[in-house]
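First up is the structure itself, then whatever we jot down about it.
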Amino acid sequence: MNMQNPNFLLMVEGLTVSFDGFKAVNDLSFYVEPNECRVIIGPNGAGKTTVLDLICGRTKATAGSVKFKDKELLAMREDQIVHAGVGRKFQTPSVYEDLTVFENLELSYPKGHSVFGALTFRRDANVKARIKEIAETIFLEDLLDEKAAYLSHGQKQWLEIGMLLIQDPELLMLDEPVAGMSVAERKKTAELLRRIVEDRSVIVIEHDMGFVADIATRVTVLHQGKTLSEGSMERVQNDPKVIEVYLGH
Amino acid sequence: MERSSNRLFTTQDILGFAVLAVIIFIVLPMALDSFRLNLFGKYLTYAFVAVGLVLCWGAGGILSLGQGVFFGLGGYCMAMFLKLEASTPKNTAIQSTPGIPDFMDWNQLTALPWWWEPFNSLFFTMIAVVAVPVVFALIIGVAMFRRRVGGVYFAIITQAFAAILTILIIGQQGFTGGVNGITDLRTLHGWDIRTNDAKEVLYFVNAGLLFACLLIAQFVRKSKLGRLLIAMRDQEDRVRFSGYDVASFKIFIFCLGAAFAGIGGAMFTLQVGFMSPTLVGIVPSIEMVIFCAVGGRLSILGAVYGALLVNWAKTSLSESFPELWLLGLGGLFIAVVMVFPNGLAGVYAEHIAPRLSGLFGGKTGAAKSPKETPAE
Ligand SMILES: Nc1ncnc2c1ncn2[C@@H]1O[C@H](COP(=O)(O)OP(=O)(O)OP(=O)(O)O)[C@@H](O)[C@H]1O
Ligand SMILES: [Mg+2]
Chain W
1 MNMQNPNFLL MVEGLTVSFD GFKAVNDLSF YVEPNECRVI IGPNGAGKTT VLDLICGRTK
61 ATAGSVKFKD KELLAMREDQ IVHAGVGRKF QTPSVYEDLT VFENLELSYP KGHSVFGALT
121 FRRDANVKAR IKEIAETIFL EDLLDEKAAY LSHGQKQWLE IGMLLIQDPE LLMLDEPVAG
181 MSVAERKKTA ELLRRIVEDR SVIVIEHDMG FVADIATRVT VLHQGKTLSE GSMERVQNDP
241 KVIEVYLGH
Chain P
1 MERSSNRLFT TQDILGFAVL AVIIFIVLPM ALDSFRLNLF GKYLTYAFVA VGLVLCWGAG
61 GILSLGQGVF FGLGGYCMAM FLKLEASTPK NTAIQSTPGI PDFMDWNQLT ALPWWWEPFN
121 SLFFTMIAVV AVPVVFALII GVAMFRRRVG GVYFAIITQA FAAILTILII GQQGFTGGVN
181 GITDLRTLHG WDIRTNDAKE VLYFVNAGLL FACLLIAQFV RKSKLGRLLI AMRDQEDRVR
241 FSGYDVASFK IFIFCLGAAF AGIGGAMFTL QVGFMSPTLV GIVPSIEMVI FCAVGGRLSI
301 LGAVYGALLV NWAKTSLSES FPELWLLGLG GLFIAVVMVF PNGLAGVYAE HIAPRLSGLF
361 GGKTGAAKSP KETPAE
């Protein structure tokens, strides 16, 4: 492969993590281009979530390298990785239930991240305008003053996506963003993702094949911590190995 | 659009501060004789700790069972200064080494230890009252929070620190006064703190400092940092992966709580006239958490009422039934946890405030019933 290609936004090489001898991710390599929407699929326990955990620093890798814009992420602290431009959505919606939608978005606004900065942070016109803009994108403009606890499951998923969008990351990683959504919500989310992908790269983990076909530039199929197949949706869907371990049932 | 949480004071907050100010600055001094007022002044020194706990525990979910350490450190700093002032060569002429504190002389010390020297200066002492607890909190905070120690483990470790400090103080009699503590304190820069007049002045100084701390606490809670603490309590990972260094916020709030506790400890020493290891250890540390829980761990004003009421009950009860107090305290804690998880402040917000606002037809109360649900 053309590993020196400077056009890659993210280069994952030989990534391995071992939990007490069990290799959840095993010598994994893949490359993500700018403005690409990469979808990772694979059976339960394949290591999909773990890959995202490794990239964003939540889990420490045993071996390998993760380069984002030529910076080694594995040596950085979680918050530094975020500031480098990598955003991460969790599999279960993680929003601040005791705070309003507005406050949830405000805490994610990329300013005042030090102790002093947080003490002196002012809710100025720019902040308000940006929050309003994001709220419109994620279909929550009428719920800004609602406590996040009272949102529906799908709305919480959107809110968390919005919390990432407001940081304008160059790489956005979404773990099962449509899980638990109604058909109508799924449609809206697909539309939302298509808009998001326009000016950034996205890695999405998803089980819903219809949804995957809708958004993916390329698909990586993960199985037992390794790449089973990679390529366009069409190619992957017709790969006999993939049909055997994943799509067949 | 009106967003109450961003304003430093809502109408409700102003009312709450005003009522508390009237009680502390006017009602209590008018209603109580000088002995009782001094007692309430002592209770209020615990309120400093309780307010700090509201920030750490209520807002940030960091339960410290070792706040007595910081209260004690502040108190000891003040006691060291007062003791040095009381130990003039003239006052201590009968000692084998005049001019050093009496307990040092009894323990065969012949010179003042070097680390006591700076406490000859009131200016140094006043800084130390805040700085020493903060530095301790900083060391504990960095060691624990950088390693991501939290929850029950953190609580137990802080408790261990309370035990260790008590043992150290008791063991190092010659340097610390041992189990008796530092007693027989007399004057502050020549001003006799034992007189009724002095005690009254100290009561007001104490109350003023408490309000200063309350204002700082209010500012912190209403800042973005306050909302971050709530967010961290519920979804620490989400905060971390939104680009915040979570540990630094925990360290900050823990140090702030320690600073408040240190001031409270120093004011205790001044008003009560001694400092001893019984105020530092595990039991007082847990009692301080109970003051906070009874008042309502989410409410800084509630914490003040909690400290006042529980201590007042303690004094009244242990005057008549000393053996019942510990039982009562335990029962109270269980009741608060099981029935009123948000303490007095919760009872007020849920039952009294809506009725009050109904009475006055105002919009102050109802909309602001408890903003935060308790964290686990
Ligand atoms: N911290 C950990 N300690 C031990 N084992 C772990 C840890 N995290 C994940 N695993 C294991 O690693 C494997 C991969 O888990 P992972 O959550 O990445 O799967 P996944 O592909 O996201 O599955 P799903 O589709 O169910 O979300 C699983 O067998 C899991 O039990
Ligand atoms: Mg997963």
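So the protein lines, in turn, are chains W and P. Residue numbers for the first sequence follow the UniProt record's numbering, beginning at 1 and rising by one. Residue numbers for the second sequence follow the UniProt record's numbering, beginning at 1 and rising by one. Note that beta-carbon positions come from the ideal geometry of N, C-alpha and C, so glycine has one too. All values reported here derive from a predicted model rather than from experimental measurement.
| Check | Outcome |
| --- | --- |
| Proximal residues to Ala-258 of chain P (C-beta, below 6 Å), its chain only, five neighbours per side dropped | Phe-70, Pro-133, Val-134 and Ala-137 |
| Gln-157 of chain W CB to nearest heavy atom of ligand 2 below 7 Å | no |
| As assigned by DSSP and simplified to three states, the class of Asp-142 of chain W | helix |
| Which listed residue (P:Val-339, P:Ala-160, P:Arg-36 and P:Pro-277) has its alpha carbon closest to that of Val-312 of chain P | Per the sequence shown, residue 312 of chain P should be read as Trp rather than Val. Ranking the options by Cα distance to Trp-312 of chain P, first place goes to P:Arg-36. |
| Residue 256 of chain W: first and last residue of the uninterrupted beta strand (DSSP E) it sits in | The structure shown does not extend to residue 256 of chain W, since chain W is modelled only from 1 through 249, so no value can be given for it. |
| Through-space distance from Ala-190 of chain W to Ile-40 of chain W, alpha-carbon basis | 16 Å |
| Any non-hydrogen atom of ligand 2 closer than 7 Å to Thr-278 of chain P Cβ | no |
| Selection from W:Lys-111, W:Leu-119 and W:Glu-160 that minimises the alpha carbon distance to Lys-128 of chain W | W:Lys-111 |
| Reference Lys-42 of chain P; option with closest CA among P:Leu-210, P:Asp-13, P:Val-19 and P:Leu-329 | P:Leu-210 |
| Neighbourhood of ligand 1 [Cβ distance below 5 Å to any heavy atom], ordered by chain position | W:Phe-19, W:Ala-24, W:Asn-44, W:Gly-45, W:Ala-46, W:Gly-47, W:Lys-48, W:Thr-49 and W:Thr-50 |
| Cβ-heavy atom distance, Gln-91 of chain W to ligand 3, below 7 Å | For ligand 3, the structure offers nothing, since it holds only ligand 1 and ligand 2. |
| Outcome for Asp-20 of chain W when other beta-carbon atoms lying within 10 angstroms are tallied against a minimum of 16 | exposed |
| Thr-166 of chain P versus Leu-119 of chain W - alpha carbon distance | 35 Å |
| Per-residue contacts from Arg-130 of chain W into chain P (C-beta, under 8 Å) | Ordered by position in chain P, no residue passes the 8 Å Cβ test against Arg-130 of chain W, which lies about 15 Å from the chain. |
| contact_flag[the region 148 to 161 of chain W, the region 99 to 114 of chain W] where n(CB pairs < 8 Å) is 3 or more | yes |
| Rounded C-alpha distance that separates Arg-240 of chain P from Gly-180 of chain W | 25 Å |
| Any non-hydrogen atom of ligand 2 within 7 Å of Ile-41 of chain W CB | no |
| Closer than 7 Å: Asp-175 of chain W CB and nearest ligand 2 heavy atom | yes |
| Alpha carbon of Ile-139 of chain P to alpha carbon of Asp-102 of chain P, nearest angstrom | 32 Å |
| Euclidean distance between Cα positions of Gly-264 of chain P and Gly-42 of chain W | 59 Å |
| Test item: CB-CB of Trp-114 of chain P and Met-80 of chain P under 8 Å | no |
| Interface residues of chain W facing Val-220 of chain P [CB-CB closer than 9 Å] | Leu-119 |
| For Leu-28 of chain W, the three-state DSSP class (helix, strand or coil) | strand |
| Reduced DSSP secondary structure (H/G/I, E/B, other) of Thr-315 of chain P | helix |
| Simplified DSSP assignment, three categories, for Leu-171 of chain W | strand |
| Beta-carbon gap between Ser-108 of chain W and Met-163 of chain W smaller than 8 Å | yes |
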